[in-house]
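K.L.:
Here's a structure for you.
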Amino acid sequence: MTTTIDAPPAAGTAARIREHVVNLCASPEGGHLGGSMSLAEILATLYTRVLRVDPLDPARPDRDVLLLSKGHGGLALYAALTEAGFFPADRLDEYARPGSEFTAHPHAEIPGVEMPSGSLGHGLALAVGFALGFRLDGADRRCFVVMGDGELQEGSVWEAASVAAAQRLDSVVAIVDRNRLQITGATETIDALEPLADRWSAFGWTVRQVDGHSCEELEAALTEAPVDGRPTVVIAHTVKGKGIPFVEDQPRSHYAKLGERQHAKALAALRRGAAS
Amino acid sequence: MTASSREVYRDAVLDLLPQDERLVCLDSDTGLFDAAAFPERYVNLGIAEHTLMGAAAGLAKSGRMPLVNTMAAFASSRANEAVKIDIALNDLPVRIAATHSGVSAGHLGPTHHALEDLAVMRTLPNMTVVVPADGPQTGTLFRQSLHVRGPVYLRLGRNATPELPDAPPVTLGLAQVLRDGPDVTLAACGPYPVLAALDAADALAEEGVRASVLNVHTVKPLDVATIAAHAERSGVVVTVEEHWRNAGFGAAVAESLAEIAPSLVLRVAMPDAFVPVSGGQRYLAERGGVTSAAVAAKARLALRRDPR
């Protein structure tokens, strides 16, 4: 672990991730607001407390791998990477500009982005490959895959979930951002995921459930040793749009272009939230 | 007939795997491999082709060179998005060994035929597309493919096909010149198409027409220089392939020649239709019109229409 007792508190990092995301959603193209806000503590905890990564050497051979399978959380990932020191924060100003590599979904050329993503249901299969590689290398690396809950409607997720368990890939840790919403409404009314924990258990995974906005709970779940031979899924219960009262828990927060007034209002809400 | 291209490939894998630490054989329950033959770097992921391609990308990203095994129909269509996004977009050194290509699945029916795979694979950036014309060159081209930087699609057949007679050494990326004649260029891709082109060249020779026969085993990158040199000399080209006529090998040749050496290009290919009946590879290919007679007829037609 590169994290130490001096590592920044994850909650502070989460607050700064939210601020970056809000600022990016106020840029001319707007961005994926809701699903990035729900990810803030998850990514903050991973980058400050869990992942063995080195911003000065992103390709370090013994690094842990983080795959953002819900690629529409790209803004939160870029924000987390800049907060972790992978690139200077002013580079975020390039977001969505013509010719920029800062696409809405994670771009492979951005330092710290392991694999590009955006089409849902790809991350877990990639993780199977990484984990097979770790095992062949005899390496103690881990592969974390952050997925959306709506993403779990993709069949490829369950194909890979089954294979990961069959291959006994206990270096795989999936994190489900369980914000209960997808573009057009509630996951449970469109293609219900519950009983979600039972589904993962039935596939042979160790299931842990946490408050996805509690850095302490996330850290405990993400650092706990796996059950031997079983991959782990952490179901992180979150709120889409978390931190901005006027979009929280609303499907329309999925993609937003914040006007000047909304932008100011959102930043003010974040500051109130951070102070409380 | 000797060994099928998939058996030659398998034997090459068995030979190379112990010698090359990078290689990992990823299987999808094809039955091609005996797991007991491998000490470790063999994994059967089960019937899960998307996961197979994604896992290959993850493995490649962690420093290995995965050899992925499935049927051509599943590699090119079922798992296409994983091939595109996970493998091709990241330009990863994955070798996709796709068996049962074309109509070599024969009586297994249209679900198992792959008549779209060249079209699909050659449009993907970074992908190299290789179609050996017989068993021996399958081994050579597969070994050569290990030196390609990015992903490679290796189009293999299910059953043994005849060995090419008197073929010169084969080099990945370079069209193999089997006959050299100035009157018409027969450019073929795949086992029976190349044999049909050779037979057609013999028939044409009896009529005093001297044909070049090119075995274009590398569809991407296409050896445009060799094809264009022959096309410029003859002015007329007949392409032959065991693939749907749209967007396949013949289309690739026509596209390239249209830009650099405009020629009359006539295609012999499988019709724009699913194969409606049972039968062996050769029967189905011939039923689809991929025959030496069709190649010779197209060549005669092309010569009559040659504007020069």
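These protein sequences, in sequence, are chains A and B.
Under my numbering, the first residue of the first sequence carries the number 1331, and numbering increases by one thereafter.
Under my numbering, the first residue of the second sequence carries the number 69, and numbering increases by one thereafter.
Just so you know, even glycine gets a beta-carbon here, dropped at the ideal spot from N, CA and C.
Just so you know, these numbers come straight off a predicted model, no measurement behind them.
Of all the options B:P236, B:P261, B:D251, which has the alpha carbon lying nearest to the alpha carbon of T229 (chain B)?
P.N.:
The candidate whose alpha carbon is nearest that of T229 (chain B) is B:P261.
K.L.:
Taking its Cβ as the centre, do 16 or more other Cβ atoms sit within 10 Å of S346 (chain B), making it buried, or is it exposed?
P.N.:
Exposed: under 16 other Cβ atoms inside 10 Å.
K.L.:
Since R217 (chain B) meets chain A, which of its residues come closer than 9 Å, beta carbon to beta carbon?
P.N.:
Result: empty, since nearest Cβ-Cβ is about 16 Å, beyond 9 Å.
K.L.:
Are the Cβ atoms of I295 (chain B) and A243 (chain B) separated by less than 9 Å?
P.N.:
In contact: I295 (chain B) and A243 (chain B) (Cβ atoms closer than 9 Å).
K.L.:
Could you check whether I1574 (chain A) and L1363 (chain A) sit closer than 9 Å to each other, using their CB atoms as the reference points?
P.N.:
Yes, the pair counts as a contact, with Cβ atoms nearer than the cut-off.
K.L.:
Are the C-beta of T167 (chain B) and some C-beta of chain A separated by less than 9 Å?
P.N.:
It does not: the Cβ of T167 (chain B) has no partner Cβ on chain A nearer than 9 Å.
K.L.:
How many angstroms separate the CA atom of D1423 (chain A) from the CA atom of V1487 (chain A)?
P.N.:
Approximately 33 Å between the Cα atoms of the pair.
K.L.:
Take H298 (chain B) and list the residues in its own chain whose beta-carbon comes closer than 6 Å to its own, dropping the five residues that flank it on each side.
P.N.:
Cβ within range, chain order: T253, S280.
K.L.:
May I ask you to list, following chain order, the residues of the region 1464-1488 of chain A that have a beta carbon less than 9 Å from some beta carbon of chain D?
P.N.:
No chain D is part of this structure, whose protein chains are labelled A and B.
K.L.:
What span of residues does the beta strand (DSSP E) with A315 (chain B) cover, start to end?
P.N.:
Counting along the chain, A315 (chain B) falls outside any beta strand (DSSP E), and DSSP gives it neither H nor E.
K.L.:
G1415 (chain A) versus chain B: which residues are under 8 Å apart at the beta carbon?
P.N.:
Within chain B, no residue comes near G1415 (chain A); the closest Cβ sits about 22 Å away, beyond 8 Å.
K.L.:
What are the complete beta strand (DSSP E) segments, minimum 3 residues, inside the region 193-255 of chain B?
P.N.:
If we require 3 residues or more, the beta strand (DSSP E) runs fully inside the region 193-255 of chain B come out as 196-198, 220-223, 244-247.
K.L.:
How long is the line joining the alpha carbons of G1342 (chain A) and G1589 (chain A), rounded to whole angstroms?
P.N.:
Spanning the two alpha carbons is a distance of roughly 26 Å.
K.L.:
Does the Cβ of D1500 (chain A) have 16 or more other Cβ atoms within 10 Å, making it buried, or fewer, making it exposed?
P.N.:
Classification for D1500 (chain A): buried.
K.L.:
Which residue spans inside the region 1464-1517 of chain A form an unbroken alpha helix (DSSP H) run of at least 4?
P.N.:
Runs of the alpha helix (DSSP H) inside the region 1464-1517 of chain A: 1485-1496.
K.L.:
Quick check on the burial criterion: 16 or more other C-beta atoms within 10 angstroms. Buried or exposed for V1475 (chain A)?
P.N.:
Per the 10 Å Cβ criterion, buried.
K.L.:
Taking 9 Å as the CB-CB cut-off, is A364 (chain B) touching chain A?
P.N.:
No, A364 (chain B) lies away from the interface with chain A (no Cβ there is under 9 Å from its Cβ).
K.L.:
Which residue wins for smallest C-alpha separation from A156 (chain B), given the options B:E275, B:G318, B:T196, B:G99?
P.N.:
Cα-wise, what sits closest to A156 (chain B) is B:T196.
K.L.:
On the DSSP letters alone, give me the boundaries of the alpha helix (DSSP H) that Q1539 (chain A) sits inside.
P.N.:
Premise fails: Q1539 (chain A) lies in the beta strand (DSSP E), 1536-1541, not in any alpha helix (DSSP H).
K.L.:
Which term fits E1489 (chain A), buried or exposed, when burial requires 16 or more other beta carbons within 10 angstroms of its beta carbon?
P.N.:
Classification for E1489 (chain A): buried.
K.L.:
What are the residues of the region 1433-1463 of chain A that lie near chain B, defined by any Cβ-Cβ distance shorter than 7 Å?
P.N.:
Listed by position, the residues of the region 1433-1463 of chain A near chain B (Cβ gap below 7 Å) are A1438, M1445, P1446, S1449, H1452, A1455, L1456, A1457, V1458, G1459, F1460, L1462, G1463.
K.L.:
With H1593 (chain A) as the anchor, note down where its beta strand (DSSP E) starts and where it stops.
P.N.:
Taken as a continuous stretch (DSSP letters only), H1593 (chain A) belongs to no beta strand (DSSP E), being part of the alpha helix (DSSP H) at 1590-1605.
K.L.:
Mind checking whether D1507 (chain A) and G1365 (chain A) have CB atoms under 9 Å apart?
P.N.:
Yes; because the gap between Cβ atoms is below 9 Å, this pair is in contact.
K.L.:
Could you pull out every residue in the same chain whose Cβ sits closer than 6 Å to the Cβ of L1398 (chain A), ignoring the five residues on either side in sequence?
P.N.:
For L1398 (chain A), where only same-chain residues beyond five positions count, the Cβ hits under 6 Å are L1407, P1436, S1447, V1476.
K.L.:
Take V81 (chain B) as the anchor and find which of B:A103, B:D97, B:T70 has the nearest alpha-carbon.
P.N.:
Among B:A103, B:D97, B:T70, the Cα nearest to that of V81 (chain B) belongs to B:A103.
K.L.:
Which complete alpha helix (DSSP H) runs does the region 96-175 of chain B hold, if anything under 4 residues is left out?
P.N.:
The region 96-175 of chain B contains these whole alpha helix (DSSP H) runs: 117-129.
K.L.:
Whose C-beta lies closer than 6 Å to the C-beta of A1326 (chain A) among residues of the same chain, with five residues either side of it excluded?
P.N.:
Since the first and last residues shown for chain A are 1331 and 1606, residue 1326 (chain A) lies out of range.
K.L.:
Quick one: what does DSSP say V81 (chain B) is sitting in, helix, strand or coil?
P.N.:
Helix at V81 (chain B).
K.L.:
Determine the extent of the alpha helix (DSSP H) in which H1362 (chain A) is found, giving its start and end residues.
P.N.:
From DSSP, H1362 (chain A) is part of no alpha helix (DSSP H); its letter is neither H nor E.
K.L.:
Helix, strand or coil: which one does DSSP assign to H180 (chain B)?
P.N.:
In the structure shown, H180 (chain B) sits in coil (DSSP, three-state: anything other than H, G, I, E or B).
K.L.:
Once you ignore the five residues that flank A1455 (chain A) on each side, which residues in its own chain have a CB closer than 7 Å to its CB?
P.N.:
The residues are S1486, A1490.
K.L.:
Out of B:A337, B:D97, B:L120, which one is the CA nearest neighbour of A361 (chain B)?
P.N.:
Comparing Cα positions, the closest option is B:A337.
K.L.:
Along chain B, in chain order, which residues have C-beta atoms closer than 9 Å to that of A1496 (chain A)?
P.N.:
Simply L113, G114.
K.L.:
From the beta carbon of T1334 (chain A), is the nearest beta carbon of chain B less than 9 Å away?
P.N.:
Annotation note: pLDDT 47 at T1334 (chain A) (below 50); position unreliable, coordinate value reported separately. False, the Cβ-Cβ gap to chain B never drops below 9 Å.
K.L.:
Take P236 (chain B) as the anchor and find which of B:P250, B:P204, B:D251 has the nearest alpha-carbon.
P.N.:
If we check each option's Cα against that of P236 (chain B), B:P204 comes out closest.
K.L.:
Using CA atoms only, rank isn't needed, just tell me which of B:G131, B:A268, B:G357 is closest to A341 (chain B).
P.N.:
If we check each option's Cα against that of A341 (chain B), B:G357 comes out closest.
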